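Peer 1: Pasting in a structure now, in structure tokens, and then I'll have a few things to ask.
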Amino acid sequence: MEILTLYNVTLINGDGIGPEITDAVVKILEASGVKINWDLQTAGADVVAAGDVPLPNRVIESIKKNKVALKAPVTTPIGKGFRSVNVQLRRELDLFANLRPSKNLPGIKTPFNDVDLIVVRENTEDLYAGIENKINEDRVEGIKLITRQGSTRICKWAFEYAVKHNRSEVCAVTKANICKLSDGLFLECFREVSKEYPNITPREILVDNLCMQLVQNPSQFDVLVLPNLYGDIVSDLCAGLIGGLGVAQGANIGLDCAVFEPVHGSAPDIKGKNIANPTALLLSAIEMVKHLGEFEIAQKIQNALFKTLREGKVLTCDLGGSAKTTEFRDEIIKNLS
Ligand code: NAI
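Here the sequence shown stands for residues 0 to 336, numbered as in numbering that gives the first Met the number 0.
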């Protein structure tokens, strides 16, 4: 009899729609046969409301111990309040590479049929370093932090990814015509790193032009590597190319730990309605299952998801259907067998 490995994984079920989509994904993973001992950890706005800090130390310690986490989105107050849990988590664990693939999914009609893009976003620097100063009531400044070390390692990571996944081009996205020193340094590092990869074509583009090109002809791009802020914005645009935020997966990867999470946020507008699409979290979880080394099970879950999407009988409303999150979950579980 085959003995299945038991994996310890930190689970952050998040705010807003987080608990609903987490419940769906955990149940699908359980039905797939992968054996996971979930270490449930809470963080974010609900934790603050209960009197704790947004990112308790126990969450960091759990991920450091388990090395792998599945994370649902957490709410960050806009324009006030506590610092983003995501930004803190990525910096505390030095999860410097944010991987956000955008590829057409079966059954989901979009303006383009040949999108297959990899967004590699630098995850720890740029305006997200959180260095903001209030000079007086009418004047504030925010520091865009770009370092040689941070830029070099993310560019290297993007080229290494391209080599491992048979990609042919890596394109650096900047605004180096305006931010001559900061984006200029990022570009200098990109050019330096590219020399080590003669089989991968280096390309450069300004971020505004990229956005226009992406909505007109996305298939011309392969791997994109971007500083933090452009990466955040462009990956939402890329999510739109393949069916929206409900289907856009992601992962935060460092040298020691990996945190798998969707691109989307906590969607407070649809919280508690049982209509959120768990696909983005499920696709992130499939990548996590591969990361654990369980390729067959990952393929099985992907087949069940793709069958459900292709058949189009049971879809959540963001994909044009009328199914509840739980009905969509149950259809995927049915398709596992
Ligand atoms: P959002 O991604 O939560 O929502 C944008 C739109 O997409 C909304 O209309 C929402 O209903 C829809 N949407 C998102 N995910 C969906 C899903 N799975 N199924 C169906 N529809 C979905 O972005 P928003 O409203 O800008 O941010 C809400 C909160 O989320 C903020 O506090 C923000 O800071 C936080 N956030 C957290 C992230 C994370 O934890 N990784 C990432 C992005 C935002």
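For every residue, glycine included, the Cβ atom is placed at its ideal position computed from N, Cα and C.
Predicted model only: the values in this text are computed from it and were never measured.
From E124 to K133, what does the alpha carbon distance come to, in whole angstroms?
Peer 2: Between E124 and K133, the C-alpha separation is close to 20 Å.
Peer 1: On the premise that L244 lies in contact with V222, defined as a C-beta separation below 8 Å, what is that separation, rounded to the nearest angstrom?
Peer 2: Actually they are not in contact, since the Cβ atoms of V222 and L244 sit about 21 Å apart, beyond 8 Å.
Peer 1: Less than 6 Å between C-beta atoms, sequence neighbours within five positions excluded: which residues of the same chain meet that for S338?
Peer 2: Any answer about residue 338 is impossible in this case: the structure gives the chain only from 0 up to 336.
Peer 1: Leaving out five residues on either side along the sequence, give the residues of the same chain with a beta carbon under 6 Å from the beta carbon of K270.
Peer 2: Closer than 6 Å at Cβ, skipping near neighbours: G15, I16.
Peer 1: Going by alpha carbons, who is nearest to D45 out of A157, V73, D93, I62?
Peer 2: Residue V73 is the option with its Cα nearest to D45.
Peer 1: Taking only runs that begin and end inside the stretch 200-225, name each unbroken beta strand (DSSP E) of 3 or more residues, in chain order.
Peer 2: Listed in chain order, they are 200-205, 222-225.
Peer 1: Around the ligand NAI, which residues pass a check of Cβ closer than 5 Å to any of its heavy atoms?
Peer 2: This criterion selects P72, V73, T74, T75, N85, L244, G245, H263, G264, S265, A266, D268, I269, A275, N276, D317.
Peer 1: Alpha carbon to alpha carbon, how far is N273 from T9? Give it in angstroms, no decimals.
Peer 2: Spanning the two alpha carbons is a distance of roughly 24 Å.
Peer 1: With which residues is G141 paired in a DSSP beta bridge?
Peer 2: DSSP output for G141 lists E131 as bridge partner(s).
Peer 1: Taking DSSP's pairing of strands, which residues face I252 in a bridge?
Peer 2: A96, A257.
Peer 1: Answer with buried or exposed for K299, where buried requires no fewer than 16 other C-beta atoms within 10 angstroms of its C-beta.
Peer 2: The residue in question, K299, is buried, as its Cβ has 16 or more Cβ neighbours within 10 Å.
Peer 1: On a CA-only basis, which of C316, I27, N7, L3 is nearest L281? Give me that one, please.
Peer 2: Of the listed residues, the one whose Cα sits closest to L281 is I27.
Peer 1: What are the residues that DSSP puts in a beta bridge with Y6?
Peer 2: Note: Y6 sits in a beta bridge opposite I35.
Peer 1: What separation, rounded to the nearest whole angstrom, lies between the Cα atoms of D317 and T324?
Peer 2: Taking the straight line joining both Cα atoms gives about 11 Å.
Peer 1: Tell me the rounded alpha-carbon separation between N12 and T75.
Peer 2: Cα to Cα, the separation comes out at about 15 Å.
Peer 1: Keeping to the same chain, check which residues put their C-beta closer than 6 Å to that of A23; ignore five residues upstream and five downstream.
Peer 2: Cβ neighbours of A23 beyond the five flanking positions: P277, T324, R328.
Peer 1: My guess is that I62 and A275 are in contact by the Cβ rule of under 8 Å, so how many angstroms apart are they, rounded?
Peer 2: Not quite, the Cβ-Cβ distance comes to about 24 Å (not below 8 Å), so this is no contact.
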